[in-house]
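Input: a single structure, listed below in structure tokens.
2 protein chains.
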Amino acid sequence: MNGADLLCETLLANDIDVCFANPGTSEMHFVAALDRQPKMRCVLGLFEGVVTGAADGYARMADKPAATLLHLGPGLANGIANLHNARRAHTPMVNVVGDHATHHLAYDAPLTSDIESLARPVSHWLGRAERADLVGQRAEEAITAATRQPGQIATLILHADAAWNSTDRAVAKRAPRLAPTAPDGARVDTAARALRAGRQTTILVSGLALRERQLKLLDRLANATGARLMAQQANGRMQRGAGRPALDRVPYVIDQALATFRDTEQVILIGAKAPVGFFAYPGKPSSMLPEDCAVLELIEEGGDVVAAIEALAEAVGIGHVAAPRLAERYRPPLLSGRLTPEAMAIALAHHMPADAIVCDESVSSGRDFFRSTHGAEPHDFLQLTGGAIGIGLPLTTGAAVACPGRKVIGLQADGSGMYTVQALWTQAREALDVVTIVYANRRYQILHKELENVGAGAPGENARRMLDLDNPELDWVKIAGGMGVEAARADTAEGFETLLSAACRRKGPFLIEAVI
Amino acid sequence: MNGADLLCETLLANDIDVCFANPGTSEMHFVAALDRQPKMRCVLGLFEGVVTGAADGYARMADKPAATLLHLGPGLANGIANLHNARRAHTPMVNVVGDHATHHLAYDAPLTSDIESLARPVSHWLGRAERADLVGQRAEEAITAATRQPGQIATLILHADAAWNSTDRAVAKRAPRLAPTAPDGARVDTAARALRAGRQTTILVSGLALRERQLKLLDRLANATGARLMAQQANGRMQRGAGRPALDRVPYVIDQALATFRDTEQVILIGAKAPVGFFAYPGKPSSMLPEDCAVLELIEEGGDVVAAIEALAEAVGIGHVAAPRLAERYRPPLLSGRLTPEAMAIALAHHMPADAIVCDESVSSGRDFFRSTHGAEPHDFLQLTGGAIGIGLPLTTGAAVACPGRKVIGLQADGSGMYTVQALWTQAREALDVVTIVYANRRYQILHKELENVGAGAPGENARRMLDLDNPELDWVKIAGGMGVEAARADTAEGFETLLSAACRRKGPFLIEAVI
């Protein structure tokens, strides 16, 4: 058995049986090893941003890591933007990055680069397997790190000779799993006292707090104490829709975020971070909280969100609130005529099937979706968490690999969709049940707003050349067709609703270019 | 004047008047500044790999840097693979990477990341402008570094507040240029003595040695001494075709490279590196040279290639060789029937117009091109230098921006073409005179060969899933059409020749999907 085989077997022994990949020559022995393992599902992405974004979507839905296979420093670099997002989403992931044979590094061959320097900013754990004997141990360390709550990025650099040399340390083992830190009684008591103190309180949550069971408990807690329950601005995964508590998120737009917290006296964080501006603006604060607002963290990073919520509910005493307030199934009246993001959101509230998975990279155009779908069929909602655009199409791809029985719906801005457009091919290759909705406004709309905020006046030639996607207009129907995904265009509310309704009733990848 | 304006003016004062860009919110004040400068040509790429690859193609042909504008760590990360290639090509480049306002960094907003760690592996010079007062000085330092021979990558991190704050240090200056190191007399004498010693000698060249004038001198030198003149395996730019010396390159395939140097007793490097394997293989050496082969470097890095070649010719004495041996215009007989890379190469030898710029990312399929086109019309030949695929379409894009009067021809493998396929849109937007030829073999052909070399036997299910691009086949005509580039498909030698001939006679972007 060689090092590559041992790595495969160690992954499989740890229930990591999907590998999103774009390999190269230095990974060829690992490819050969994967080829000997039919239990491993290898999914090719035609660009590494697809690979890492799909691994993110997979893990968010499967609640376990996928592996990725990347080709040296440049292959890793292509995947970094979506690793950045995955890191912000606390997604578990095991990246295998090939490197030259150890003896070849000194020759500075063309593809040689400083992989550590590239990997460190997006990796919680980073290690090298320099010898075949070390591959099993390093892989276990990577898996232990990746599966540490709330989920971490582990990057294992696999030298070609560590892959091709044989080893007698050939026992693939289940890696130790680290239990999350138990709730800290003092933190729970402090939070419970704060909740009883009669101050204007927001309980700000993310992570596992956004699963149905925890949300129901948190809603009762909020109801019992008069606190406001709210989700972080961007979250890896959130369960919502009819039959679940309806939760608002912190707004993206800075003035709205500041207004949201204007009267807040204390914030209790559960798996969430204190709200800050996505960007800085001249004369505006970085923190969204009033200066004298108290911030309490119920758990530290790596803490047990589920147990902490239960402990807090116990400490506060919520027995008198027997049931949570749940959203009812609601279909806002359909709009007609001109196609707008609001009309699209309402059509989605009508047609999204139960248990859909919605991946949102609609940027500015999708802001109507959230408020229009509190009463849609229950669904999972996955967001762009790190602000690095180009996650949407890969995220739907990975979520669909994880959940073959569920409809995946991508809300996709056109500008960010182009970043990793290659993911459409993987959707076709794998026959994934994904409906991609492209908000085709032919511009980086969010940047037009930001340019306005800068006080630069009407955009001139150079600004328009950098912020507009017209001239030529992108034809998403052709682009999707070129990668094997059926597609159609809608430019009225009625046309969109008809296409969406049909797309939600069929299986397999489909794209709707919504001209707004 | 604010920091952003000062940066624009400093770039313009240094004759950097093209900016390949994909900006975001943190760069909005720089966008506004660019908008006030109609002298600056801003070219949008729909993905940062397009931006950096185009800046590379531009600089290789313009012999001066373009600026790039990238959005924080993730925007830079998306451009790293092509920065890696540019670094290996010794391309001058000035990257402007936006970052949060300095006071915002401590809040760890979603897009915050360690930009230095990402930038360092691909940057010869790396600096931050933390205050508006520093922007001019840092920009000058970056330009000085970028223009240092043989060309360097300079990365300037521009904080949002350094861009938006005003400064009274508002004098845009021409940055100092570092002269290349003069030839070292001792090195020249050693090389001259070696050339006269009657040993089997290869003069291995790259960089400015591959321009017509230097090549002619080098050919006379080789002719006078009996040495073999050869180009490095991959070169940023090489002038070739009829009326210029015909030069071979070191082969990519390791056994061929080893055979090339089997009898070589000494190698004289001029702007080139000693040849090493692109990858390591079990049981094969990393160096392509025999163990006892002497290696002489005529110049050190940063040395004056042009002056050193002249000094060497002088020291050796080549007066008795009055003229170089030049390739004659030659059109190999056209092939017919099945479309093959050889048939395509021959058609190119017929139809490429004089002064064409050929950008080669054909990977395995394009190996016929070189040998079939020694006698084609004179042209510049630009290669993938760092092995990071996804350079081809951006490179043609940038070369066409630099040389509006010349036909640019891209030799593009399908697998690597998909990496930065978004560049087609920029070609359409800018109405660039580019013919892209896609070698559509529907697979990572080079990796099939490598898998074979590994001894893995016939590829099984998982290997095929990672190495083949069929099921579904990519439809390049649709993909190009979706981005506004006219395209057509050829699957016979005659059909290809007809399309190529027409494409070479028209202006504007066109793509030929060559099904091989």
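Protein chains in written order, with UniProt numbering: chain A, 1 to 516; chain B, 1 to 516.
Backbone N, C-alpha and C fix where the C-beta goes; we use that ideal spot for every residue, glycine too.
Bear in mind that the values here come from a model prediction, so they are computed numbers and not experimental data.
- At a cut-off of 8 Å, the C-beta of Q422 (chain B) has a neighbouring C-beta in chain A.
- Between the beta-carbon of L382 (chain B) and that of V401 (chain B) there is about 14 Å, and that puts the pair past the 8 Å contact cut.
- Beyond the five residues adjoining it in sequence on each side, T52 (chain B) comes within less than 7 Å, by CB distance, of T68, G79, N82, L83 and A86 in the same chain, given in chain order.
- Interface flag for M40 (chain B) against chain A is set, since a Cβ pair is found closer than 8 Å.
- Rounded to whole angstroms, the Cβ separation of Y439 (chain B) and S362 (chain B) is 5 Å, and the two are in contact under 8 Å.
- Following the DSSP letters along the chain, one finds F20 (chain A) inside the beta strand (DSSP E) bounded by residues V18 to A21.
- With 16 or more other CB atoms across the displayed protein chains lying within 10 angstroms of its CB, D414 (chain B) is buried.
- When the alpha-carbon of H100 (chain A) is set against those of A:W125, A:T91 and A:P74, the nearest one is in A:P74.
- Taking one beta carbon from each stretch, the segment 157-164 of chain B and the segment 99-118 of chain B have 3 or more pairs nearer than 8 Å; the two touch.
- Note on geometry: alpha-carbon atoms of L105 (chain B) and T112 (chain B) lie some 7 Å from one another.
- When only Cα atoms are considered, A139 (chain A) and D63 (chain A) end up about 19 Å apart.
- Between the alpha carbons of A272 (chain A) and P110 (chain B) lies a gap of roughly 12 Å.
- Excluding the 5 residues flanking it on each side, R120 (chain A) has same chain C-beta neighbours closer than 7 Å at L126, in chain order.
- Closest by C-alpha distance to M483 (chain B), out of B:R429, B:V267 and B:E494, is B:R429.
- Setting aside the 5 residues that flank it on each side, E494 (chain B) is surrounded in the same chain by S336, each with a C-beta closer than 7 Å to its C-beta; the list follows chain order.
- C-alpha of L46 (chain B) to C-alpha of A182 (chain A): approximately 46 Å in a straight line.
- Between A514 (chain B) and R465 (chain B), the alpha-carbon positions lie close to 23 Å from each other.
- As DSSP reads the structure, L118 (chain B) sits in no beta bridge.
- DSSP, read as helix, strand or coil, puts T91 (chain A) in coil.
- When DSSP states are grouped into helix, strand and coil, S287 (chain B) belongs to the strand group.
- Listed along the chain, the chain B residues whose CB falls inside 8 Å of the CB of T25 (chain A) are F278, F279, I446, L447 and E450.
- P92 (chain A) places its beta carbon 8 Å or farther from that of A54 (chain A).
- Here D189 (chain A) is exposed, its C-beta having fewer than 16 other C-beta atoms within 10 Å.
- Within the segment 429-442 of chain A, those residues whose Cβ lies closer than 9 Å to any Cβ of chain B are, in chain order, R429.
- DSSP places H379 (chain A) inside the beta strand (DSSP E), whose first and last residues are H379 to Q383.
- E486 (chain A) sits in a strand when the DSSP states are folded into three classes.
- Remark: C-beta atoms of A129 (chain A) and A162 (chain A) approach each other more closely than 8 Å.
- Between A89 (chain A) and G236 (chain A), the C-beta gap is smaller than 8 Å, which places the two residues in contact.
- In the structure shown, Q266 (chain A) adopts extended strand secondary structure according to DSSP, grouped into three states.
- Using a CB distance cut-off of 8 Å, K478 (chain A) counts as an interface residue toward chain B.
- Using beta-carbon distances, R406 (chain A) does not count as an interface residue toward chain B, since no partner is under 8 Å.
- The beta-carbon separation of V434 (chain B) and P509 (chain B), rounded to 5 Å, stays under the 8 Å limit for a contact.
- Chain-order list of chain A residues neighbouring H29 (chain B): V454, by C-beta distance under 7 Å.
- For chain A, the residues of the segment 73-90 of chain B that bring a beta carbon within less than 7 Å of one of its beta carbons are G73, P74, A77, N78, I80, A81, H84 and R88, in chain order.
- The C-beta of G283 (chain A) has fewer than 16 other C-beta atoms within 10 Å across all chains shown, which makes the residue exposed.
- Straight across, the Cα-Cα distance linking L72 (chain A) with I203 (chain A) is about 43 Å.
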